[in-house]
Amino acid sequence: MHTGSPDTRELYIVQDVGLTIDELEGFDRMLDERRRGGVAESQRVAESLGSLLSSRSESTADDEHDPEGPTLSSEWSRLHALRSEIAADIADVDAARERIRLGRYGTCASCGRAIGVPRLEARPTAELCIVCATAAER
Numbered sequence: 002m003h004t005g006s007p008d009t010r011e012l013y014i015v016q017d018v019g020l021t022i023d024e025l026e027g028f029d030r031m032l033d034e035r036r037r038g039g040v041a042e043s044q045r046v047a048e049s050l051g052s053l054l055s056s057r058s059e060s061t062a063d064d065e066h067d068p069e070g071p072t073l074s075s076e077w078s079r080l081h082a083l084r085s086e087i088a089a090d091i092a093d094v095d096a097a098r099e100r101i102r103l104g105r106y107g108t109c110a111s112c113g114r115a116i117g118v119p120r121l122e123a124r125p126t127a128e129l130c131i132v133c134a135t136a137a138e139r
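Per this note's numbering, residue 2 is the first one in the sequence shown, and the count goes up by one each step.
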């Protein structure tokens, strides 16, 4: 978040949610690391999908009845679902970082109260306070 430029810090409006600039910068770094990890994992999954696709096109064997290991179809489905989960997490991270940039990070999107540092430490992409999140699950 802080790039060393004095006017960069001024872009971030800190609302009264109990978060300091240092905490916001810490969350931004944490989210950045999480995004980098997600992108790297997504690339690994894409490579695995490419290898699997190559195996599928080269193979004429009926792997659906192979008693050894998972079938190519089930592995394809698993990897595709994993890729979708990673993409969703990256989108959540990007949304959280945008809330930091706009000065809304740490504010519940439903009730407008503070989400709280312990919840943000556990779920840095949280948009809802624990009360609203619990109510939404019901």
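Positions of the beta carbon are idealized from the N, C-alpha and C atoms, including for glycine.
Identify, in the order they occur along the chain, each residue of the same chain with its Cβ nearer than 8 Å to the Cβ of residue 46, setting aside the five sequence neighbours on each side. Within the sequence shown, numbered from 1, the residue matching residue 46 stands at position 45. Closer than 8 Å at the Cβ level, and outside the excluded window around residue 46, lie 80, 83, 84, 87.
Practice problem: Check residue 108 in the structure and name its three-state DSSP category. | Solution: Counted from its first residue, the sequence shown places residue 108 at position 107. Of the three classes helix, strand and coil, the one that applies to residue 108 here is strand, per DSSP.
Q. If we ignore side chains and look at the alpha-carbon of each, how far apart do residue 78 and residue 91 end up?
A. Stepping through the sequence shown from its first residue, residue 78 is reached at position 77. Stepping through the sequence shown from its first residue, residue 91 is reached at position 90. Each residue's alpha carbon lies about 20 Å from the other.
Is residue 115 helix, strand or coil when you go by DSSP?
As a working note, residue 115 is residue 114 in the sequence shown. Residue 115 sits in a strand when the DSSP states are folded into three classes.
### Rounded C-alpha distance that separates residue 25 from residue 55
Indexing the sequence shown from 1 puts residue 25 at position 24. Indexing the sequence shown from 1 puts residue 55 at position 54. Computed Cα separation, rounded: 45 Å.
Next item on the list: Determine, using beta-carbon pairs with one atom in the segment 95 to 102 and one in the segment 37 to 44, whether at least three such pairs fall under 8 Å.
Entry: When Cβ pairs closer than 8 Å are counted between the two stretches, the segment 95 to 102 is seen not to touch the segment 37 to 44, the count staying below three.
Report task. Starting from the C-beta of residue 110, find all residues in its chain whose C-beta is less than 7 Å away, skip the five residues before and the five after it, and write them out in chain order. Result -> On the sequence shown, position 109 is the one that residue 110 refers to. If we look at residue 110 and ignore the five residues flanking it on each side, its Cβ neighbours are 128, 129.
### Query
Given that a residue counts as buried once 16 or more other Cβ atoms are within 10 Å of its Cβ, and exposed if not, what is residue 125?
Position 124 of the sequence shown, counted from the start, is the residue given in the question as residue 125. When all chains shown are included, residue 125 counts as buried.
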